[in-house]
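Trainee: Below you'll find the structure I mean.
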Amino acid sequence: MLIREDILTPKERVLALLTGKPLDRIICMPIVTTNTAQLIGKTVKEFQLDGKVMAEAHIAGFKKFGYDLIYLFTNCSYVAEAMGAELDYSENEPAGCDVPIINSREDLSKIKVAEKNDGQFPVYYEALEILNKEVGDQVFISVCFSGPVSTAATLRGVEAFARDTYADPELCHILLRMATDSCKNLIREIASYGAMPIILEPIASGSLFSPKMFDKIAFPYIKELVDLAHELKALIPLHICGKTHKIVDKMTDTGADVISLDKCDLAIAREKVAGRALILGNIDPANELLFGPVEEIHRVCMEALDTMKGYTPAFVLSTGCETANKVPFEHIQAMLDVARSHGLYEYKEGE
Amino acid sequence: MNKETLFREISHALVEFEVEKVAELAEEALKQNIPAYETITEGLVVGMQEVSRLYEEEEYFLPEVLMCSDAFNAGLDVVNPHLDRSSLETPIKMVIGVIEGDTHDIGKNLVRILSGASGFEVYDLGRDVPLDRFIEKAEEVESDMICMSTLMTTTMDGMKTVIDRLKERNIRDKYKVIIGGGPISQTFCDKIGADLYANDASSAVRKVKELMGRA
Chain E
1 MLIREDILTP KERVLALLTG KPLDRIICMP IVTTNTAQLI GKTVKEFQLD GKVMAEAHIA
61 GFKKFGYDLI YLFTNCSYVA EAMGAELDYS ENEPAGCDVP IINSREDLSK IKVAEKNDGQ
121 FPVYYEALEI LNKEVGDQVF ISVCFSGPVS TAATLRGVEA FARDTYADPE LCHILLRMAT
181 DSCKNLIREI ASYGAMPIIL EPIASGSLFS PKMFDKIAFP YIKELVDLAH ELKALIPLHI
241 CGKTHKIVDK MTDTGADVIS LDKCDLAIAR EKVAGRALIL GNIDPANELL FGPVEEIHRV
301 CMEALDTMKG YTPAFVLSTG CETANKVPFE HIQAMLDVAR SHGLYEYKEG E
Chain R
352 MNKETLFREI SHALVEFEVE KVAELAEEAL KQNIPAYETI TEGLVVGMQE VSRLYEEEEY
412 FLPEVLMCSD AFNAGLDVVN PHLDRSSLET PIKMVIGVIE GDTHDIGKNL VRILSGASGF
472 EVYDLGRDVP LDRFIEKAEE VESDMICMST LMTTTMDGMK TVIDRLKERN IRDKYKVIIG
532 GGPISQTFCD KIGADLYAND ASSAVRKVKE LMGRA
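Those protein sequence lines, which keep their order, are chains E and R. 1 is the number of the first residue of the first sequence in this note's numbering; add one for each residue after it. 352 is the number of the first residue of the second sequence in this note's numbering; add one for each residue after it.
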């Protein structure tokens, strides 16, 4: 496998893609986030609570791999935290919300719509400021956050939220409304740093809710976020974990610019998204990327590229979800090696 | 209403998750002196089997299964005090939990719900379960199976540790080890020497029955 040197910087490469110019290689954006803390000898906890650590870790990750997007992300519950939920922070695991804050309607007084400086939001702003200064000329930076459904479900507890979709839909929608407004406040800030907001909806997954329920509880709220990002002239990807083959068309209908997929057959996605958005995915971070060997990673990456060959606007080679601390860095490197040696578009210097 | 119609109504109301109606119909069955055992196996369990099928076919999802399970329990609460336990066949015993370090328990709860509704005797250890606890509980209740679940890659190795510890104690063959959860795959199952992997709660119950010769 001939691994060629990059000609463009990641930023130039993405801009070339967005403006229809030729690329030196296919775009590769593995979801590398908190695991970069290991590169600078810091704990997950330090990474989640200190913007300087977050920035320093990401700079190390970017220098090591040269991937095409930096993903700032700490945990799936930080929007809920900014609304009033309490999280448990441990040294080497992403923080989580163990005890839901909303156990009845009376508890609604315990939460509020998150404003721009609530919870740990400012950690991201600090990291963005440093990253913009240090590597902002070379690479685009994004911030991932849990969207309305995942945030509402964190506040209420996933099972209680699921029951509410039938037993008390009104409470669902109160929580969804507040979560949406909180996300909007965050999106405005992210966009003001020139970064790209990425909606994560692990709970709106096709593994948990029916397509019909997706229409009721997820679609309108996600669309609101997409519309806001577009008003702010920001591109906005939508990532949904787990199965999505029955909702991938609905995900696209939200207007999201990038459809980021986990366990979804790419051939189905290709047909359903049908050129309306970029497709990003979906090498399994819990299987091939975790266990390797490198040859197997090369094989599944090639398979994905073959399935998506000729897809326009573009297919972005990525992971199906966040790469955990345990994913060996050589395995992430193997993905980039494929990007640097295969699927090259015609590139003529000076064009 | 004759018995067959009543059972059909019970399973129908259960599938439509009409909690109160299921309870009322179960009361009706008691009034008609229908043995609790029959109401359970031919009404409630049949309903949950349909729920299980709908779940596997991706017609029903988490909210629907939870609502149906509430209806199932509402019916069970009514007839259970009247159940003649001697009429039951020896149930499959299962110890189940989410691996230490992980608190994601939706998948595990779905397996508990559907296996409980299939007549398994389920010992739910909850989430973030210390690894030795799986073995201690299985030994204590003389379980047939140890079921482990996790959604996180960081905790999946705990499953292997449990299997290794069973081997160390020379009791590996006493238990069937079933694993599942987001990052778990057949590859991983083979790799760590577990007996069974299932990718959703409904097929887990079906495969366990096959494995135990109860299909």
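For each residue, glycine too, the CB sits at the ideal point set by N, CA and C. Computed from a prediction, not measured in an experiment: that's the story for all the values here.
Using CA atoms only, rank isn't needed, just tell me which of R:Thr501, R:Glu493 and R:Glu472 is closest to Pro481 (chain R).
Mentor: Translated into the one-based positions of the second sequence, residue 481 (chain R) becomes position 130. If we check each option's Cα against that of Pro481 (chain R), R:Thr501 comes out closest.
Trainee: Less than 8 Å between the CB atoms is what I'm expecting for Asp551 (chain R) and Glu407 (chain R), so what's the real figure, rounded?
Mentor: In the second sequence, residue 551 (chain R) corresponds to position 200, counting from 1. In the second sequence, residue 407 (chain R) corresponds to position 56, counting from 1. Indeed, because the Cβ distance is near 6 Å, the residues count as touching under 8 Å.
Trainee: Does the distance from the CB of Ser77 (chain E) to the CB of Thr180 (chain E) come in under 7 Å?
Mentor: If you number the first sequence from 1, residue 77 (chain E) lands on position 77. If you number the first sequence from 1, residue 180 (chain E) lands on position 180. For Ser77 (chain E) and Thr180 (chain E), no; Cβs fall outside 7 Å.
Trainee: Tell me whether Thr505 (chain R) sits in a helix, a strand or coil according to DSSP, three-state version.
Mentor: Here residue 505 (chain R) refers to the residue found at position 154 when the second sequence is read from its first residue. It is coil, neither helix nor strand.
Trainee: Within 10 Å of its beta-carbon, does Val492 (chain R) have 16 or more other beta-carbons around it, so buried, or fewer, so exposed?
Mentor: The sequence position of residue 492 (chain R) within the second sequence is 141, counting from 1. It counts as exposed.
Trainee: Identify, in the order they occur along the chain, each residue of the same chain with its Cβ nearer than 7 Å to the Cβ of Val370 (chain R), setting aside the five sequence neighbours on each side.
Mentor: Taking the second sequence and counting its residues from 1, the one referred to as residue 370 (chain R) is at position 19. For Val370 (chain R), where only same-chain residues beyond five positions count, the Cβ hits under 7 Å are Asp421, Ala422 and Ala425.
Trainee: Could you check the C-alpha separation between Ser31 (chain E) and Arg436 (chain R) for me, to the nearest Å?
Mentor: Translated into positions along the first sequence, residue 31 (chain E) becomes position 31. Translated into positions along the second sequence, residue 436 (chain R) becomes position 85. For the record, residue 31 (chain E) in the displayed sequence is Ile; it is not Ser. So the alpha carbons of these two residues sit roughly 54 Å apart.
Trainee: Checking 7 Å against the spacing of the C-beta atoms, do Asp495 (chain R) and Lys444 (chain R) come in under that value?
Mentor: In the second sequence, residue 495 (chain R) corresponds to position 144, counting from 1. In the second sequence, residue 444 (chain R) corresponds to position 93, counting from 1. Result yes, Cβ atoms of Asp495 (chain R) and Lys444 (chain R) sit closer than 7 Å.
Trainee: Are the CB atoms of Gly41 (chain E) and Ala82 (chain E) nearer to each other than 7 Å?
Mentor: Position 41 of the first sequence, counted from the start, is the residue given in the question as residue 41 (chain E). Position 82 of the first sequence, counted from the start, is the residue given in the question as residue 82 (chain E). No, Cβ-Cβ distance for Gly41 (chain E) and Ala82 (chain E) is not below 7 Å.
Trainee: Under three-state DSSP, which class holds Phe73 (chain E)?
Mentor: As a first step, residue 73 (chain E) must be located in the first sequence, where it is residue number 73. Three-state DSSP puts Phe73 (chain E) in coil, outside helix and strand.
Trainee: Which complete alpha helix (DSSP H) runs does the region 185 to 262 of chain E hold, if anything under 4 residues is left out?
Mentor: Counting only runs of 4 or more, we get 219 to 231 and 248 to 253.
Trainee: Which value, in whole angstroms, describes the spacing of the CA atoms of Leu225 (chain E) and Thr244 (chain E)?
Mentor: For the purposes of this step, residue 225 (chain E) is taken as residue 225 along the first sequence, with counting starting at 1. For the purposes of this step, residue 244 (chain E) is taken as residue 244 along the first sequence, with counting starting at 1. Answer to the nearest angstrom: the Cα atoms are 20 Å apart.
Trainee: Short of 6 Å in beta carbon distance, which residues of its chain neighbour Arg523 (chain R), apart from the five on each side in sequence? Order them along the chain.
Mentor: On the second sequence, position 172 is the one that residue 523 (chain R) refers to. Cβ neighbours of Arg523 (chain R) beyond the five flanking positions: Leu517.
Trainee: Tell me, please, whether the CB atom of Tyr89 (chain E) is closer than 7 Å to any CB atom in chain R?
Mentor: Taking the first sequence and counting its residues from 1, the one referred to as residue 89 (chain E) is at position 89. Taking Cβ atoms only, chain R never reaches closer than 7 Å to Tyr89 (chain E), which makes this a no.
Trainee: Using a Cβ-Cβ distance under 7 Å, would Pro432 (chain R) count as near chain E?
Mentor: Residue numbering aside, residue 432 (chain R) sits at position 81 when the second sequence is read from its first letter. Judged by the 7 Å Cβ criterion, Pro432 (chain R) is not in contact with chain E.
Trainee: Counting only beta-carbon atoms, is Met499 (chain R) nearer than 7 Å to chain E?
Mentor: The sequence position of residue 499 (chain R) within the second sequence is 148, counting from 1. False, the Cβ-Cβ gap to chain E never drops below 7 Å.
Trainee: Could you give the residue range of the beta strand (DSSP E) that holds Ser90 (chain E)?
Mentor: Within the first sequence, numbered from 1, the residue matching residue 90 (chain E) stands at position 90. Run containing Ser90 (chain E): none; DSSP gives neither H nor E here.
Trainee: Which first and last residues belong to the alpha helix (DSSP H) in which Leu357 (chain R) is found?
Mentor: Residue numbering aside, residue 357 (chain R) sits at position 6 when the second sequence is read from its first letter. Lys354 to Val366 is the span of the alpha helix (DSSP H), which, as asked, contains Leu357 (chain R).
Trainee: Using a Cβ-Cβ cut-off of less than 9 Å, give me the residues of the region 519 to 537 of chain R that come near chain C, in sequence order.
Mentor: Absence of chain C from the displayed structure is noted, the protein chains being E and R.
Trainee: Going by DSSP, name the residue or residues bridged to Thr352 (chain E).
Mentor: Beyond the ends of chain E as shown, which are 1 and 351, falls residue 352 (chain E); an answer cannot be given.
Trainee: Identify the continuous beta strand (DSSP E) that holds Asp475 (chain R) and give its terminal residues.
Mentor: The count along the second sequence starts at 1 and reaches residue 475 (chain R) at position 124. Glu472 to Asp475 is the span of the beta strand (DSSP E), which, as asked, contains Asp475 (chain R).
Trainee: How far does the beta strand (DSSP E) with Val480 (chain R) in it extend, from its first residue to its last?
Mentor: One-based indexing of the second sequence puts residue 480 (chain R) at position 129. Premise fails: Val480 (chain R) is in no beta strand (DSSP E) and is neither H nor E.
Trainee: By the DSSP assignment, the beta strand (DSSP E) with Phe412 (chain R) in it spans what residues?
Mentor: On the second sequence, position 61 is the one that residue 412 (chain R) refers to. Taken as a continuous stretch (DSSP letters only), Phe412 (chain R) belongs to no beta strand (DSSP E), as it is neither H nor E.
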